[in-house]
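In the numbering used here, the protein residues as written are 358 to 584. Note that beta-carbon positions come from the ideal geometry of N, C-alpha and C, so glycine has one too.
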Amino acid sequence: MNRGYFITGTDTGIGKTWITAGLLRAGAQRGWRTVGLKPVASGCARVEGQLRNEDALLLMEHASEPLAYEQVNPCALELPVSPHLAAEAQGRAIDIGRLAAHCHAVGARADVCLVEGVGGWLAPLGPDHTVADLALALDLPVILVVGIRLGCLNHALLSQRAIRESGAAMAGWVANVVDAENLLTDGVIATLAERLDAPCLGTVPCLDTLDAGRIAAHLDTGALWKS
Ligand SMILES: Nc1ncnc2c1ncn2[C@@H]1O[C@H](COP(=O)(O)OP(=O)(O)OP(=O)(O)O)[C@@H](O)[C@H]1O
Ligand SMILES: [Mg+2]
Numbered sequence: 358m359n360r361g362y363f364i365t366g367t368d369t370g371i372g373k374t375w376i377t378a379g380l381l382r383a384g385a386q387r388g389w390r391t392v393g394l395k396p397v398a399s400g401c402a403r404v405e406g407q408l409r410n411e412d413a414l415l416l417m418e419h420a421s422e423p424l425a426y427e428q429v430n431p432c433a434l435e436l437p438v439s440p441h442l443a444a445e446a447q448g449r450a451i452d453i454g455r456l457a458a459h460c461h462a463v464g465a466r467a468d469v470c471l472v473e474g475v476g477g478w479l480a481p482l483g484p485d486h487t488v489a490d491l492a493l494a495l496d497l498p499v500i501l502v503v504g505i506r507l508g509c510l511n512h513a514l515l516s517q518r519a520i521r522e523s524g525a526a527m528a529g530w531v532a533n534v535v536d537a538e539n540l541l542t543d544g545v546i547a548t549l550a551e552r553l554d555a556p557c558l559g560t561v562p563c564l565d566t567l568d569a570g571r572i573a574a575h576l577d578t579g580a581l582w583k584s
C-alpha cells in the first residue's frame with residue numbers, strides 16, 4: 358500500500374470508526390483512492406446467515422474503492438466481547454501474519470489504506486497476541502484516537518507509552534469529543550497537546566449527527582498524505 362495508517366484508540370467506543378471515516382473522506386477530497394479495513398471485529402450480527410460488523414460496513418461506505426465484505430473484515434466474530442474470547446467461542450484462532458498479508462494485498466489497490474484496530478492498543482487477539490502485534494505485523498504508523506471524556510488523559514498517556522514500547526511509530530492523534538457533558542475540554546486537549554509527542558491531526562466536537570464530511574472538516578491531514 359502507498360500510504361497506510363493503523364487507527365487505534367484510548368478505548369472501545371471512542372470514535373475510531375467515525376474518525377477513520379473522516380480520514381477516508383479527507384483522503385478522497387485530495388483525490389486519493391481510499392480503502393478502510395477492519396481485519397478483526399467482534400460483535401458481528403448475523404445477516405442472512407453471514408456475520409456482518411457495523412464498523413466494517415461503515416468503512417466500506419466511506420471508501421472510494423468498492424470491496425467485498427470479506428476483503429474489509431476477514432475475521433468476523435459474533436460475540437460482543439474481547440476478540441480473543443469471541444474467537445475461542447467460535448473455535449477460531451486469529452492468525453496475525455495472515456491478516457497482515459491480507460490487508461497489504463487489499464491495501465495495494467488504493468493510494469490510502471486505513472486499518473482500524475479493535476478495542477485499544479493492548480486488547481488481546483489470542484493467548485500470546487494483542488492489537489499491538491497486528492499493528493507491528495502490518496508495519497504501519499499509528500494514529501491514536503483519544504475519546505475526550507473523564508479519564509482520557511490517563512488512557513491517552515498510557516496508550517502513548519505502550520505504543521512507544523511496542524516499537525511502533527505514532528503518526529498523530531485526534532481529539533474526539535465523545536462526551537457532550539465533558540468539562541474544561543479545551544484544558545484537557547491542551548494537556549494532551551503538551552504531553553503527547555505526535556502531531557494533533559484535529560479536534561472533532563461532539564456532533565448531533567455524525568457525518569464523515571463534517572468530521573473531515575475538523576481534521577488537518579496534510580502531513581498524512583505526503584509521500
Ligand atoms: N464526535 C462525535 N460526536 C458525537 N458522537 C460520537 C462522536 N464520535 C463518535 N461518536 C459516537 O460514539 C460511538 C462510538 O463511535 P465509534 O463506533 O466510531 O467508536 P469505536 O472506537 O470505533 O468503537 P469500537 O471499539 O466498537 O470499534 C458511536 O455511537 C458514535 O455515534
Ligand atoms: Mg470501531
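Identified DSSP bridge partners for residue i
i	result
cysteine 557	Trp530
valine 397	Cys432
glutamate 473	Ile364
aspartate 487	According to the sequence provided, residue 487 is threonine. The question's aspartate does not apply to it. In the DSSP output, where bridge partners are listed per residue, threonine 487 has Pro481.
threonine 391	Val469
Which of helix, strand or coil DSSP assigns to residue i
i	result
glutamine 517	helix
proline 440	helix
arginine 403	strand
leucine 540	coil
isoleucine 364	strand
alanine 465	coil
valine 503	strand
threonine 369	coil
Burial state of residue i, where buried means 16 or more other Cβ atoms lie within 10 Å
i	result
proline 423	exposed
asparagine 533	buried
glycine 372	buried
threonine 566	exposed
aspartate 543	exposed
alanine 569	buried
aspartate 485	exposed
asparagine 410	buried
asparagine 583	For the sequence presented, residue 583 should be read as lysine rather than asparagine. Exposed, by the Cβ-count rule.
proline 437	exposed
Residue i CB to nearest heavy atom of ligand 3 below 8 angstroms
i	result
cysteine 563	Looking at this structure, you won't find ligand 3 anywhere; what it does contain is ligand 1 and ligand 2.
7 angstroms Cβ shell around residue i - same chain, five flanking residues per side excluded
i	result
alanine 421	It should be pointed out that residue 421 corresponds to serine in this sequence rather than to alanine. Counting only Cβ-Cβ distances below 7 angstroms, and skipping sequence neighbours, we find Ala385, Arg390 and Thr391.
Please list, following the chain, all residues that have a C-beta closer than 6 angstroms to any non-hydrogen atom of ligand 2. These are the residues, in chain order, with a beta carbon less than 6 angstroms from any non-hydrogen atom of ligand 2: Lys373, Thr374, Asp412 and Glu473.
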